[in-house]
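All letters in the sequence shown, in the order written, are residues 169 to 410 by our numbering.
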Amino acid sequence: MTNRRQTVVSGFTLIELLVVISIIALLVGLLLPALGAARATARNIQCATQLRTMGLATHMYADDEKDFFPPRYTSTPVRWPSLLERYYSADDVLLCPDDKDVQIDTSTELVAADDQSRVERSYFINGFNDYYPDVDNDTVPDFNIDGLAMPRRAIVKTTDTFLFGEVRDDNGDGNRHFYCDVLEGVGNPLAEVAHVRHFGPDSAGDSGTGSANYALVDGSTKSIRFPAFVPINQWAVTDAYR
Numbered sequence: 169m170t171n172r173r174q175t176v177v178s179g180f181t182l183i184e185l186l187v188v189i190s191i192i193a194l195l196v197g198l199l200l201p202a203l204g205a206a207r208a209t210a211r212n213i214q215c216a217t218q219l220r221t222m223g224l225a226t227h228m229y230a231d232d233e234k235d236f237f238p239p240r241y242t243s244t245p246v247r248w249p250s251l252l253e254r255y256y257s258a259d260d261v262l263l264c265p266d267d268k269d270v271q272i273d274t275s276t277e278l279v280a281a282d283d284q285s286r287v288e289r290s291y292f293i294n295g296f297n298d299y300y301p302d303v304d305n306d307t308v309p310d311f312n313i314d315g316l317a318m319p320r321r322a323i324v325k326t327t328d329t330f331l332f333g334e335v336r337d338d339n340g341d342g343n344r345h346f347y348c349d350v351l352e353g354v355g356n357p358l359a360e361v362a363h364v365r366h367f368g369p370d371s372a373g374d375s376g377t378g379s380a381n382y383a384l385v386d387g388s389t390k391s392i393r394f395p396a397f398v399p400i401n402q403w404a405v406t407d408a409y410r
């Protein structure tokens, strides 16, 4: 009698394969939100770092310009991206990674200006127009004076005064403001500051669960939910408007 060896081939059953696939799908479902949150955090950190760079560039400018920040108005016109260009490494620092609608500025007054004054940007600088004296005794401050600039030494509350913020596109034509002017119309903080830029969709004006980043005069940055200027208006430098 001949003994025959039987070879047994082991393998997964269909049910076992389905269980493995289900476990993998469950793990992927658990990991994707965490990865998405990590990416959102990384983009927020990158934005804050860029704002810190812009703040540093502004202080370096002031060091070279007798302690004055870039002028609010020039007749050329030249805007702060052009005045600060030599102090930051590349134009990419002006673009927030969470800003999906940024466009080059096509404002009529800037068509004849240098290209850097029209550069794409996600941020705008404090116009400090509540500081300038109202020599005409009207409701509009007199900041449209060629070369009028904010003296850095006049900002006393450096730890709670905004230098830069994230600007929103509310004009409908792709143009963005260069300056936050707290006394202009209803106030730029309400009309032109990005309400939600990080950790949520940019609502373009509606309140949301996310936040926006700000660079302060002391060199720090903050990520704050809208509105970031209540009860204290940190865009203002004078007690009367804070």
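Positions of the beta carbon are idealized from the N, C-alpha and C atoms, including for glycine.
Note that the structure is predicted; figures quoted are calculated from it, not measured.
Test item: CB-CB of residue i and residue j under 8 Å
i           : j           : result
residue 266 : residue 211 : yes
residue 347 : residue 295 : yes
residue 363 : residue 336 : yes
residue 217 : residue 299 : no
residue 264 : residue 334 : yes
residue 270 : residue 288 : yes
residue 349 : residue 400 : no
For residue j and residue i, believed in contact at Cβ under 8 Å, the rounded distance
i           : j           : result
residue 382 : residue 313 : Going by Cβ atoms, the distance from residue 382 to residue 313 rounds to 27 Å, so no, they are not a contact pair.
residue 290 : residue 247 : Contact doesn't hold; Cβ gap of about 14 Å is too wide.
residue 230 : residue 320 : 5 Å
residue 385 : residue 331 : 5 Å
residue 206 : residue 256 : Contact doesn't hold; Cβ gap of about 27 Å is too wide.
Spatial neighbours of residue i in its chain, beta-carbon cut-off 7 Å, leaving aside the 5 residues before and after
i           : result
residue 253 : 284
residue 250 : 282, 284, 285
residue 397 : 357, 403
residue 375 : At residue 375, the pLDDT of 47 sits below 50, so the modelled position is not reliable and the matter cannot be decided from this model.
residue 243 : 314
Selected residue, minimal CA-CA separation from residue i, among the options
i           : options            : result
residue 208 : 379, 403, 397      : 379
residue 235 : 318, 334, 349, 329 : 318
residue 223 : 322, 259, 388      : 388
residue 324 : 410, 268, 259, 194 : 410
residue 239 : 392, 293, 184      : 293
Residues near residue i by beta carbon distance below 6 Å, same chain, minus five either side
i           : result
residue 326 : 385, 386
residue 390 : 382
residue 214 : 265
Same chain, Cβ closer than 8 Å to residue i, neighbours up to 5 away in sequence not counted
i           : result
residue 227 : 320, 387
Residue ranges of each alpha helix (DSSP H) within the stretch 218 to 273, 4 or longer: Within the stretch 218 to 273, the complete alpha helix (DSSP H) runs of at least 4 residues are 248 to 251.
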